[in-house]
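First to last, the sequence lines map onto chains A and B. Read the first sequence against full-length UniProt numbering and you will find it ends at 427, with the numbers running on by one and no gaps. Read the second sequence against full-length UniProt numbering and you will find it ends at 54, with the numbers running on by one and no gaps.
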Amino acid sequence: MSTPIIPTELVAPIWNPASYANRDAVEQIFATLRRDYPLAMCEVPGYKPHWIVTKYKDVREVSRLDDIFHSGDISKTPASIMAEAMMAEYSGGKPHIFRTLVHMDKPDHTEYRNVVKDVFMPQNVATLKDGVLASAREFADQMADMNGECDFAETIAMRYPLQVICDQIGLPREDHATMLRLTQWFLSYADPDLCRPGSVLTDPEQQIKTWQIVYDEFKSYYTDLVAQRRAAPRKDLATLIAHGQIHGQPMDERGMISYFVIASTAGHDTTAATIGNAMWILARDPGLFSRIKADRSLISGFVEEAIRISTPPMAFVRSATQDYELSGQQIKKGDRLYVSYLSANKDEEVFDAPFAFQPDRTPNRHIGFGFGSHICVGQHLARLEMRTLWEELFERLEWVEMAGEGQWQESEFVCGPKRVPIRYKMN
Amino acid sequence: MRKWQCTTCGDIYDEAIGDPDSGIAPGTRFEDIPDDWMCPTCGSTKDSFEPYTE
């Protein structure tokens, strides 16, 4: 069987951050791919060829087979040939600027994950409920003080999960805004409203230049904190990471700084995206709002459906370490695979009416937190944050509606709304 | 009836509930689950589970 090739004009937009401002158009591309090119090769000029993996079954299979489909050998996001060369130059020959959990394979991945894993197991996350509830109430109070109108994305969705994770890391509240700013520079490097000031978005080298700057900023901030925690341990994540042992040795510098980077960025940005999108959906659907307000037992399903629909980390790239047959296609050793969680979570063969928001969807085995050993280590905290906030908001909101146009970020990797202007009444 | 926890993702297998979506009926003891069963949340193998007590 010859390798199916996706027409460039169909697939090229998914490589372009600006495409994601129009979420419906992106979803339509993946719907077309699932129907016509469920597992096929794309050859976009300037990039090495990638398999585009769109089906739920295939995404789970690739994600689970860590030894066959590596995470650490090439860029985790689609990177141009030029960008790959720049990352190697900046990192001393490595394929990444950062070396986080998502950039690792066994045995390092297991060792690094074990440093914080126990803290994020559900029975230990449950002990954080009082602190999370206090933050949820604080932000609900802020919302109540805004005279019935706010940009929910900017004022609540982006800041509440930020506060929760930064409290857990052990960062002073006055530094939380710095973490949000660096997160946006890093993950929304191409968005004209959220990118680093001074970025030249037409510069094809801008992404990697920005990432190196972000790495240096995080390094500058966290180097002092690591020294503090080594001298005076506390009960926080910063202490765990600062004292983390890898194969019996202290973490190397890039691994440690990157650990703080992923905690300080992915630890809130994906939850923020889901919360923001959930409010966007609610504010356009008064029937859905009334239904959940009348039956709070739906909140857990509402959160799961918001995760499925939103899927903020939309894709990761993996590389094959050996030949492998996947759904009848011959993957060759060294091939690259763009693994689309966004597409898998809308797979018509798994999710009935996949674009309909159904808080009572059963089963809802979405893979919004990933699949396999790389599944999001913070998933239980994210769920606790979301359930707690929505329980508070459904208690206090009487009604909510859009007060303007919402806007998606221009980001091809992690994506959520950057504006959700709402009008509401709450007690 | 006992509970088991996936050491990768924290998912709980409760013998009283089983895993009906994967064809494991309520009341199925963990030892009786087929060896090719996977954690429904993360896909880890059966041997990734440990006994869990609340």
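Built from N, CA and C at the ideal position, the CB exists for glycine as well. As the structure is a prediction and not an experimental result, all values here were calculated from the model.
- At a cut-off of 8 Å between beta-carbon atoms, residue 8 of chain B makes contact with chain A.
- Here the C-alpha atom of residue 279 of chain A lies approximately 8 Å from the C-alpha atom of residue 152 of chain A.
- Exposure of residue 297 of chain A is indicated by the presence of fewer than 16 other C-beta atoms within 10 angstroms of its C-beta.
- According to the DSSP secondary-structure assignment, residue 313 of chain A is paired through a beta bridge with A:414.
- For the stretch 23 to 43 of chain B, the set of residues with a beta-carbon nearer than 8 Å to any beta-carbon of chain A comprises 38, 40, 41, 42 and 43, in chain order.
- Counting along the chain, the unbroken alpha helix (DSSP H) around residue 57 of chain A starts and ends at 56 to 64.
- Residue 123 of chain A and residue 8 of chain A have their alpha carbons spaced roughly 48 Å apart.
- Shortest Cα-Cα distance from residue 101 of chain A to any of A:362, A:412, A:266 and A:366 involves A:266.
- For residue 380 of chain A, the nearest beta carbon of chain B is closer than 8 Å to its own beta carbon.
- Secondary structure of residue 138 of chain A (DSSP, three-state): helix.
- The criterion of a C-beta distance shorter than 8 Å is not satisfied by residue 223 of chain A and residue 189 of chain A.
- According to the DSSP assignment, residue 340 of chain A belongs to the beta strand (DSSP E) that extends over 336 to 340.
- With respect to the 8 Å criterion, residue 17 of chain A and residue 412 of chain A are classified as neighbours on the basis of their beta carbons.
- In this structure, the CA atom of residue 336 of chain A is about 16 Å from the CA atom of residue 55 of chain A.
- Looking from the CA of residue 364 of chain A, the closest CA among A:86, A:347 and A:218 belongs to A:347.
- With respect to the C-alpha of residue 97 of chain A, the residue from A:367, A:86, A:323 and A:400 having the closest C-alpha is A:86.
- The alpha helix (DSSP H) runs lying completely inside the stretch 269 to 296 of chain A and spanning 4 residues or more are 286 to 294, given in chain order.
- Comparing C-alpha distances from residue 374 of chain A to each of A:39, A:252 and A:72 shows the shortest one belongs to A:72.
- In this structure, residue 39 of chain A lies away from residue 343 of chain A, with their beta-carbon atoms at least 8 Å apart.
- Taking the C-beta atoms as reference points, residue 410 of chain A is found nearer than 8 Å to residue 20 of chain A.
- Around residue 165 of chain A, the same chain offers 263, 267 and 268 as residues with beta carbons nearer than 7 Å, after the five sequence neighbours per side are excluded.
- Between residue 389 of chain A and residue 160 of chain A, the C-beta spacing is below 8 Å.
- Of all C-beta pairs linking the stretch 244 to 262 of chain A to the stretch 192 to 209 of chain A, fewer than three are shorter than 8 Å, placing the two stretches out of contact.
- Counting of Cβ neighbours within 10 angstroms places residue 270 of chain A among the buried residues, the total reaching 16 or more.
- About 21 Å separates the beta carbon of residue 90 of chain A from that of residue 184 of chain A, a gap too long to meet the 8 Å contact definition.
- Taking 8 Å as the upper bound for CB-CB distance, residue 301 of chain A and residue 354 of chain A are not in contact here, some 16 Å apart.
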